[in-house]
Amino acid sequence: MADGSSEFLPFSNLRIGHAHDMRVRTGVTVILPDRASLCAVDVRGGAPGTRETDTLAPGGLVDRVHAIVLAGGSVYGLGAADAVCRELGAQGIGFVAGRPPIPVSPIVPSAILFDNANGGDKDWGTSPPYQRLGSEAFAAASGETGEGAIGAGYGATAGIYPGGFGMATETVGEATVCALIAANPVGSPFLPGTAVPHAWIYERDGEFGRLTPPADYRWSPPMDTKLSFLAQAGQNTVIGAVVTDAALSTSDLNRLAIMAQDGLALSVQPSHTPLDGDTIFALSIGEMELSGPGELSQLGSAAARAVARALTRGVLAAR
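Under my numbering, the first residue of the sequence shown carries the number 113, and numbering increases by one thereafter.
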């Protein structure tokens, strides 16, 4: 079972930073590649909250990003990306639109989840904490990460359980794909009536506690989701990124993001509801060449498994 201890990222050219506010019960996660990297996004939920995702559409002027930000706070959390842009710009990192004194333009797509009803003090007036948390997460970026109640997963809930942030890695041949997920879904991550994760079949090295369904298990409608007390859309969401060292094109990354979303259906029931804003970024930070569509298909399948495991690890660590 994931225990919240630090895990090293599988890539030396990627850093991740987390920050949270205990009083507000919310947080921010910043994903930082060492250089501008190709990125795509897939938005599958019915109530997303995002920034600069249109920038990632195929055929646009800009096809690389300098950071990805995941945050709680619903629409207020989008302000965390402002702070990351400010920090990157001060270092001269960004899209170059002209010679100085024209400033660079950091490209920082972001997605938010709704944790505003979790009991934290949200009476922030005109000063939401997200720019501060964005700066703190940026400053904390390193080559390792914790799991559970940290960063964007700090105030999250998964069904009626604590949510959290998790990481999981899969390999296909020489290529690696790593999922970084903040879990705050409407649905439940557990088989109805049990403590067995939906994703139990994808477990690695006892990370879920080696729980399996009873021999006589029969599925029944879940009673541990948020559906019984939620009345509005936009109050949930799973957000995250899959990062690979495979040298993928923008088109390939779009497909990887689409396939990675299947990991939510493997680990949460129900998923991709009108009440969720499920958003997954796909980021290529390496030079590992794939042999063709067949290997990309395998990588996408691995990405889905990694998302399922990362989501489950985050929830279990938060508990």
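Backbone N, C-alpha and C define an ideal beta-carbon position, used for all residues, glycine too.
Can you give me the Cβ contacts of residue 315 inside the same chain, cut-off strictly under 6 angstroms, excluding the 5 residues immediately before and after it? By the criterion of a C-beta distance shorter than 6 angstroms, residue 315 is surrounded by no residue of its chain, once the five residues flanking it on both sides are discounted.
For the region 196-205 against the region 267-280, are there 3 or more C-beta pairs whose distance is under 8 angstroms? Judged by Cβ distances under 8 angstroms, the region 196-205 makes no contact with the region 267-280, as fewer than three pairs qualify.
Any heavy atom of the ligand PLP closer than 7 angstroms to the Cβ of residue 234? Inclusion of the ligand PLP in the displayed structure is not the case, the ligand content being empty and no account of it being possible.
Measuring straight from C-alpha to C-alpha, what distance separates residue 222 and residue 182? Near 6 angstroms, if we compare the C-alpha coordinates of residue 182 and residue 222.
Within 8 angstroms, strictly: CB atoms of residue 376 and residue 394: Cβ atoms of residue 376 and residue 394: not closer than 8 angstroms.
Quick test of the definition: if touching needs 3 or more C-beta pairs under 8 angstroms, does the region 407-425 touch the region 271-286? Yes: the two stretches touch, three or more of their Cβ pairs being nearer than 8 angstroms.
Less than 8 angstroms separating the beta-carbons of residue 173 and residue 360? Going by C-beta atoms, residue 173 is not nearer than 8 angstroms to residue 360.
Which residues does DSSP pair with residue 126 in a beta bridge? DSSP lists 145 as the beta-bridge partner residues of residue 126.
Residue burial classification, residue 208 (beta-carbon count within 10 angstroms, cutoff 16): Flag for residue 208 reads exposed.
For the region 301-313 against the region 324-334, do three or more pairs of beta-carbon atoms, one drawn from each stretch, fall closer than 8 angstroms, so that the two count as touching? With a cut-off of 8 angstroms on Cβ pairs, the region 301-313 is in contact with the region 324-334, counting three or more such pairs.
Quick check on the DSSP output: the alpha helix (DSSP H) that includes residue 378 runs from which residue to which? Its alpha helix (DSSP H) spans residues 362-379.
If you count every other CB in all the chains shown that lies within 10 Å of the CB of residue 251, and 16 or more means buried, which is it? Around the C-beta of residue 251, fewer than 16 other C-beta atoms lie within 10 Å, and the residue is accordingly described as exposed.
For the alpha helix (DSSP H) holding residue 424, just list the boundary residues, first then last. Counting along the chain, the alpha helix (DSSP H) containing residue 424 begins and ends at 405-430.
To the nearest angstrom, report how far apart residue 300 and residue 389 are at their CA atoms. Spanning the two alpha carbons is a distance of roughly 16 angstroms.
Counting along the chain, where does the beta strand (DSSP E) carrying residue 196 start and finish? Residue 196: not part of any beta strand (DSSP E); member of the alpha helix (DSSP H) spanning 192-202, first to last residue.
My output table needs one value for residue 329: the three-state DSSP class, helix, strand or coil. It is coil, neither helix nor strand.
Could you pull the DSSP bridge partners for residue 133 from this structure? Under DSSP, residue 133 takes part in a beta bridge, and its partners are 138.
When you compare the region 225-233 with the region 180-194, are there three or more beta-carbon pairs, one atom per stretch, that lie closer than 8 angstroms? Taking 8 angstroms as the limit for Cβ pairs, the verdict is that the region 180-194 does touch the region 225-233.
Given this structure, state the Cα-to-Cα distance separating residue 242 from residue 129, to the nearest angstrom. Residue 242 and residue 129 have their C-alpha atoms roughly 14 angstroms apart.
Please work out which residues of its chain come closer than 6 angstroms, Cβ to Cβ, to residue 403, disregarding the five sequence neighbours upstream and downstream, and give them in chain order. So no residue of the chain qualifies.
Mapping DSSP to helix, strand and coil, what is residue 266? In this structure, residue 266 counts as coil in the three-state DSSP scheme.
What three-state label does DSSP hand residue 282 in the structure shown? The DSSP-derived three-state label of residue 282 is strand.
Flag this pair as yes or no: are the beta carbons of residue 297 and residue 354 separated by less than 8 angstroms? It is not a contact, given that the beta carbons lie outside the stated cut-off.
Strictly by DSSP, which residues pair up with residue 213? According to DSSP, residue 213 bridges with nothing at all.
Among residues of its own chain, excluding the 5 on either side of residue 187, which ones have a beta-carbon nearer than 8 angstroms to its beta-carbon? Here the set comprises 161 and 224.
Between residue 417 and the rest of its own chain, which residues show a CB-CB distance below 6 angstroms, the 5 nearest in sequence each way excluded? Result list for residue 417: 282 and 314, in chain order.
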